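Peer 1: For reference, the structure I am asking about is given below.
Chains as they are written, first to last, in the numbering used here: chain A, 1 to 339; chain B, 1 to 339.
Structure, rendered in structure tokens:
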């Protein structure tokens, strides 16, 4: 049983995409799960009425599992993320996050400002011991199985110790949310050999050998889409947020670029759509902010109802697998080992 | 008129691919250009005889423009790059490079060990003033026009000053070899705004505004394949060799990955081959090692005759455009500005 709060006002297509995604998620989830729509009640109620009387009328039976939680303020993309908590303490973002420490909710999902969600999550949920910053994992669809790449943008200058923490965070995420037992962890690098790489990465390689993770050595750029390096399958790839963010945005641009090339060569739109479906980001919906004491799922601003639905399912999975507890235990175990 | 030395013994498919590429290049190039095949004369002569009596018989008229230069030693991939110059001073790599300071050649092309070629080029050709290390540019095929990304692997830890030098090197390369007048230079970063990025990149942004290059601000991962950022077209994108190498290897893996997805969806092999032809690395053949006082073109170990041919054409273009002089002048002009 999980109670997931959803920022009904966040994202380019809010509140429509958020409310529709919530209804669709409840229709798929076990009936014990509930969703709290956080935002301006009149706006949310109007949207719910339109959807449940209209295109989602067949799902109207989920209505009793939807609550509305009032949050009068709305965070705009132009608001400075670091100031939002102070200037708009009653935004849907902050009210939604506060439900967790208040014991009223188990997880939070938003397609609003990523920066504001990071700041709010750290301030309201707090970080696990031993962390200076949270990390954002991205799931890269590959030929074999998806690979988690982290950090993908929350941390631009990283120490070896921080990269090791990312490995632990990513391993718990891969196990709890993606269902990979004893996930194999690789270090993004420019060669296979331990002595390759820049100064930070070389030191990280040494630390990862005794970090309590299933470390499988270096992963090169070409290995990511293979889902493996020469030592076997890889579930998690660790890198600093600068490299991770460049790679992620590059990858997002690959599919449209390829579609252009292929369309010019006469490949049909239908074939392409079917072929590239595995690359659709909305399959994964969102990324949990790892390291905070709670569940905070970050969605793309352009999230469709399907993406929101899948992000809500991810939140439920994170809650049910007790990912948050596992992260806390994993980090404190390594702190004890080090002591 | 350019005299290009070619390492006939380097590369996975040597000497066949090298010799065939040389013959094909001469058939396409103006008749004033000549090629020196560097390596073991008996091996080279035998290969030439086989090709010119056989599949390349129609091109036998280029034979007088081919010289053979003796080099008894052969560099193996297992040789330590930093030691090759000492342990194998008469390898095809080192003999071929020495022809330039001896005034007997204008450029050098090799598909042998990249590490040995870097070390040899720096030791034998020497670096231009003001440089600590050379840089390797990679040409990324994109939707509009190819974008030069550098450094793509020669330098893993880079200072802001080094990134600025890459911008100057890349600009001369784009102008002289790719024919882009006043090339637009971007800085690879994780956002558009000047204040984005890690510490090195933030400082580089400031320096690039007064570096004598046509600086167009930050380039995000998604901009590379568009060939532009929001300020217009981009010809050159600057990054450290760690990020550049990860991105390059990732990109090389994209086409095979996409082909797999598309074949599973029933797209025909012929359509794919035609569609993805622009991504074929052999179109560009090789990358010049930028910063050394001469022309040293690095080719992929798996170079086909076509790739070797195109690398030789690139060498001719670098010689004829006087890229080397332009780099020297560009770097000393900026040193004077700074003084």
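In this text, a Cβ means the ideal position worked out from N, Cα and C, and glycines have one as well.
It should be emphasised that the depicted structure is a prediction, and the values quoted were computed from it without experimental measurement.
How many angstroms separate the CA atom of residue 68 of chain A from the CA atom of residue 112 of chain A?
Peer 2: Mapped onto the first chain, residue 68 of chain A falls at position 68. Mapped onto the first chain, residue 112 of chain A falls at position 112. When rounded, the distance between both Cα atoms is 18 Å.
Peer 1: Using a Cβ cut-off of 7 Å, pull out every chain B residue sitting near residue 369 of chain A, in sequence order please.
Peer 2: Because chain A in this structure spans residues 1 to 339, residue 369 of chain A falls outside the shown range and cannot be described.
Peer 1: What are the residues of the stretch 265-284 of chain A that lie near chain B, defined by any Cβ-Cβ distance shorter than 7 Å?
Peer 2: Result list: 265, 266, 267, 271, 274, 275, 276, 278.
Peer 1: Does the structure place the stretch 228-238 of chain A close enough to the stretch 248-263 of chain A that three or more beta carbon pairs sit under 8 Å?
Peer 2: With a cut-off of 8 Å, the stretch 228-238 of chain A and the stretch 248-263 of chain A do not count as touching, because too few Cβ pairs lie within range.
Peer 1: Looking at chain A, is there any beta carbon in it that lies within less than 8 Å of the beta carbon of residue 167 of chain B?
Peer 2: As a first step, residue 167 of chain B is located in the second chain; it is residue number 167 there, counting from the start. Cβ-Cβ to chain A under 8 Å: no for residue 167 of chain B.
Peer 1: For the candidate residues B/131, B/225, B/125, whose alpha-carbon lies nearest to that of residue 332 of chain B?
Peer 2: Taking the second chain and counting its residues from 1, the one referred to as residue 332 of chain B is at position 332. Closest by alpha carbon: B/131.
Peer 1: Per the DSSP calculation, residue 73 of chain A is bridged to which residue(s)?
Peer 2: Stepping through the first chain from its first residue, residue 73 of chain A is reached at position 73. Answer by DSSP bridge pairing, in chain order: A/91.
Peer 1: Under three-state DSSP, which class holds residue 53 of chain A?
Peer 2: Within the first chain, numbered from 1, the residue matching residue 53 of chain A stands at position 53. Residue 53 of chain A falls in the helix class under three-state DSSP.
Peer 1: Roughly how many whole angstroms lie between the Cα atoms of residue 303 of chain A and residue 155 of chain B?
Peer 2: One-based indexing of the first chain puts residue 303 of chain A at position 303. One-based indexing of the second chain puts residue 155 of chain B at position 155. Rounded to whole angstroms, residue 303 of chain A to residue 155 of chain B spans 38 Å at the Cα level.
Peer 1: For the alpha helix (DSSP H) that residue 357 of chain A lies in, which residues bound it at each end?
Peer 2: There is no way to answer for residue 357 of chain A, as the model of chain A reaches only from 1 to 339.
Peer 1: With a 10 Å radius around its C-beta and 16 neighbouring C-beta atoms as the bar for buried, classify residue 55 of chain B as buried or exposed.
Peer 2: Position 55 of the second chain holds residue 55 of chain B. Result: exposed.
Peer 1: Can you tell me where the beta strand (DSSP E) holding residue 32 of chain B begins and where it ends?
Peer 2: Here residue 32 of chain B refers to the residue found at position 32 when the second chain is read from its first residue. Premise fails: residue 32 of chain B is in no beta strand (DSSP E) and is neither H nor E.
Peer 1: Using a Cβ-Cβ cut-off of less than 9 Å, give me the residues of the stretch 205-230 of chain B that come near chain A, in sequence order.
Peer 2: The stretch 205-230 of chain B vs chain A, Cβ under 9 Å: 220, 221, 222, 223, 224, 225, 226.
Peer 1: How is the alpha helix (DSSP H) around residue 166 of chain B delimited, first residue to last?
Peer 2: Taking the second chain and counting its residues from 1, the one referred to as residue 166 of chain B is at position 166. 160-176 is the span of the alpha helix (DSSP H), which, as asked, contains residue 166 of chain B.
Peer 1: Quick check: does the Cβ of residue 139 of chain B come within less than 7 Å of any heavy atom belonging to the ligand ADP?
Peer 2: Looking for the ligand ADP in the displayed structure turns up nothing, as the structure carries no ligands at all.
Peer 1: Is it true that the stretch 265-281 of chain B meets the stretch 210-221 of chain B, where meeting means three or more beta-carbon pairs spaced less than 8 Å apart?
Peer 2: As far as the Cβ criterion goes, the stretch 265-281 of chain B does not touch the stretch 210-221 of chain B, which means the pair count is below three.
Peer 1: When the distance is taken between beta carbons, is residue 71 of chain A closer than 8 Å to residue 92 of chain A?
Peer 2: In the first chain, residue 92 of chain A corresponds to position 92, counting from 1. In the first chain, residue 71 of chain A corresponds to position 71, counting from 1. Yes, they are a contact pair.
Peer 1: For residue 165 of chain A, count the other beta carbons within 10 Å of its own beta carbon; 16 or more makes it buried, fewer makes it exposed. Which is it?
Peer 2: The sequence position of residue 165 of chain A within the first chain is 165, counting from 1. By the neighbour-count rule (16 or more Cβ atoms within 10 Å), residue 165 of chain A is buried.
Peer 1: For residue 83 of chain A, count the other beta carbons within 10 Å of its own beta carbon; 16 or more makes it buried, fewer makes it exposed. Which is it?
Peer 2: As a first step, residue 83 of chain A must be located in the first chain, where it is residue number 83. So residue 83 of chain A ends up on the exposed side.
Peer 1: Measure the Cβ-Cβ separation of residue 321 of chain B and residue 176 of chain B and say whether it is below 8 Å.
Peer 2: As a position in the second chain, residue 321 of chain B is number 321, starting the count at 1. As a position in the second chain, residue 176 of chain B is number 176, starting the count at 1. Yes, the pair counts as a contact, with Cβ atoms nearer than the cut-off.
Peer 1: Please work out which residues of its chain come closer than 8 Å, Cβ to Cβ, to residue 313 of chain B, disregarding the five sequence neighbours upstream and downstream, and give them in chain order.
Peer 2: Start at 1 with the first residue of the second chain, and residue 313 of chain B comes out as number 313. If we look at residue 313 of chain B and ignore the five residues flanking it on each side, its Cβ neighbours are 25, 28, 29, 285.
Peer 1: Between which two residues does the beta strand (DSSP E) holding residue 288 of chain A run?
Peer 2: On the first chain, position 288 is the one that residue 288 of chain A refers to. That run of the beta strand (DSSP E) goes 286-288.
Peer 1: Which bits of chain A does residue 262 of chain B rub up against, with CB to CB less than 9 Å?
Peer 2: Taking the second chain and counting its residues from 1, the one referred to as residue 262 of chain B is at position 262. Those within 9 Å of residue 262 of chain B in chain A are 258, 262, 267, 271, 272, 275, 276.
Peer 1: Rounded to whole angstroms, what is the Cα-Cα separation between residue 157 of chain A and residue 163 of chain A?
Peer 2: Reading the first chain from its first residue, position 157 is the one you call residue 157 of chain A. Reading the first chain from its first residue, position 163 is the one you call residue 163 of chain A. Distance between the alpha carbons of residue 157 of chain A and residue 163 of chain A: 10 Å.
Peer 1: Would you tell me roughly how many angstroms separate the C-alpha atoms of residue 85 of chain B and residue 116 of chain B, rounded to the nearest one?
Peer 2: Locating residue 85 of chain B in the second chain gives position 85, counting from the first residue. Locating residue 116 of chain B in the second chain gives position 116, counting from the first residue. Answer to the nearest angstrom: the Cα atoms are 8 Å apart.
Peer 1: Which residues in the same chain have their Cβ closer than 7 Å to the Cβ of residue 122 of chain B, if we skip the five residues on either side of it in sequence?
Peer 2: Within the second chain, residue 122 of chain B is the residue found at index 122, counting from 1. The answer, listed in chain order, is 134, 292.
Peer 1: Please report the residue range of the beta strand (DSSP E) in which residue 298 of chain B lies.
Peer 2: Position 298 of the second chain holds residue 298 of chain B. Taken as a continuous stretch (DSSP letters only), the beta strand (DSSP E) holding residue 298 of chain B covers 296-299.
Peer 1: Does the count of Cβ pairs from the stretch 37-44 of chain B and the stretch 323-330 of chain B closer than 8 Å reach three?
Peer 2: As far as the Cβ criterion goes, the stretch 37-44 of chain B does not touch the stretch 323-330 of chain B, which means the pair count is below three.
Peer 1: Tell me whether residue 218 of chain A sits in a helix, a strand or coil according to DSSP, three-state version.
Peer 2: To locate residue 218 of chain A, count along the first chain from 1; it is residue 218. Three-state result, residue 218 of chain A: strand.
Peer 1: Can you look up residue 283 of chain A in the DSSP assignment and give me helix, strand or coil?
Peer 2: The residue you call residue 283 of chain A lines up with position 283 of the first chain. Correct three-state label for residue 283 of chain A: helix.
Peer 1: Roughly how many angstroms separate the alpha carbons of residue 60 of chain A and residue 180 of chain A, rounded to a whole number?
Peer 2: Counted from its first residue, the first chain places residue 60 of chain A at position 60. Counted from its first residue, the first chain places residue 180 of chain A at position 180. Computed Cα separation, rounded: 35 Å.
Peer 1: Expressed to the nearest angstrom, what Euclidean distance is found between the alpha-carbon atoms of residue 44 of chain A and residue 99 of chain A?
Peer 2: Stepping through the first chain from its first residue, residue 44 of chain A is reached at position 44. Stepping through the first chain from its first residue, residue 99 of chain A is reached at position 99. Those two C-alpha atoms are separated by around 18 Å.
Peer 1: State buried or exposed for residue 88 of chain B, treating a residue as buried only when at least 16 other CB atoms are found within 10 Å of its CB.
Peer 2: The count along the second chain starts at 1 and reaches residue 88 of chain B at position 88. Counting Cβ neighbours within 10 Å, residue 88 of chain B comes out buried, since at least 16 surround it.
Peer 1: Roughly how many angstroms lie between the CA atoms of residue 73 of chain A and residue 94 of chain A, to the nearest whole one?
Peer 2: Stepping through the first chain from its first residue, residue 73 of chain A is reached at position 73. Stepping through the first chain from its first residue, residue 94 of chain A is reached at position 94. Rounded to the nearest angstrom, the two C-alpha atoms are 9 Å apart.
Peer 1: Less than 8 Å between the C-beta atoms of residue 10 of chain A and residue 159 of chain A, yes or no?
Peer 2: To locate residue 10 of chain A, count along the first chain from 1; it is residue 10. To locate residue 159 of chain A, count along the first chain from 1; it is residue 159. Their beta carbons are not under 8 Å apart, which means residue 10 of chain A does not touch residue 159 of chain A by this criterion.
Peer 1: With a cut-off of 8 Å, does the C-beta of residue 162 of chain A fall near any C-beta of chain B?
Peer 2: For this step, residue 162 of chain A is matched to residue 162 along the first chain. No, no contact with chain B.
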